[in-house]
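So for the sequence shown, my numbering puts the first residue at 1319; every next one is plus one.
Glycine included, every Cβ here is placed at the ideal spot set by N, Cα and C.
Heads up: the structure comes next, in structure tokens.
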Amino acid sequence: MSEKPKKFEKKNLLYLVIAGLALVIIILLASWVIISNNSGATTEETGTTAKVSSSTSSASSSSTSKYVEGKDYTVKYSNDGVVDKASVDEAMTATGVNNYENDMDTDGGNYAKIELYYNKSENVVVQKLFQNGYKNNEPTVIIAYDLSTKKQVEGYISKSYYDNMPLVYTWTNNTVQ
């Protein structure tokens, strides 16, 4: 007597489909991780200042970015020996100031210039934002971020927070005439 071949059941087909989908998801996640880790950005550190450069050409806009550093805007860190770059970046990220696409767009910030000052005695980064068309070197918006509490300072930001304090970061919109 010979054995009959087993019937293929619907239950087995369901397991096969689930295993196939799991395999596809794993492959996609692995590809995403590899691509995100090889973004082309390099970091060069000198003392407490770090400079980030991208492998994209500054002569033409990247397909992912509408604006190109060096052509459309300029970033200058002058924090060497004052405050570490990570603290400056933390303050900008927490307040949303480092979104250069939004900062340049007329429907976003539409800024001509952004300056950051560091108040060592208060451990506060003060951000002065100048919208296009600003007058008499007066900022349109002033934001302060307390590095100790990791919160934005609420209320009026007096000049004592930033007068005679070191300028640690400058962003300039090069498209403004």
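- The criterion of a C-beta distance shorter than 7 Å is satisfied by Asp1390 and Asn1492.
- Burial is judged here by how many other beta carbons sit within 10 angstroms of a residue's own beta carbon; Val1351 has fewer than 16 and is exposed.
- In the three-state reduction of the DSSP assignment, Thr1493 falls in the coil class.
- Between the alpha carbons of Thr1413 and Ile1461 lies a distance of about 8 Å.
- Annotation: Ser1478 to Lys1384 spans about 37 Å, alpha carbon to alpha carbon.
- Between the C-alpha atoms of Glu1327 and Ala1348 there is a straight-line separation of about 32 Å.
- Annotation for Asp1464: Glu1440, Asn1441, Val1442, Gln1470, Val1471 place their beta carbon closer than 8 Å to its own, counting only its chain and skipping 5 residues before and after.
- The beta carbon of Ala1409 lies closer than 6 Å to those of Val1443, Tyr1463 in the same chain, with the five residues before and after it left out.
- Lys1431 counts as buried, since no fewer than 16 other beta carbons sit within 10 angstroms of its beta carbon.
- DSSP, reduced to helix, strand and coil, places Thr1458 outside both helices and strands of the structure shown, so it counts as coil.
- When the alpha-carbon of Gly1451 is set against those of Thr1467, Gly1473, Tyr1436, Asn1428, the nearest one is in Asn1428.
- Contact between Val1406 and Leu1447 fails: their C-beta atoms lie close to 15 Å from each other, not under 8 Å.
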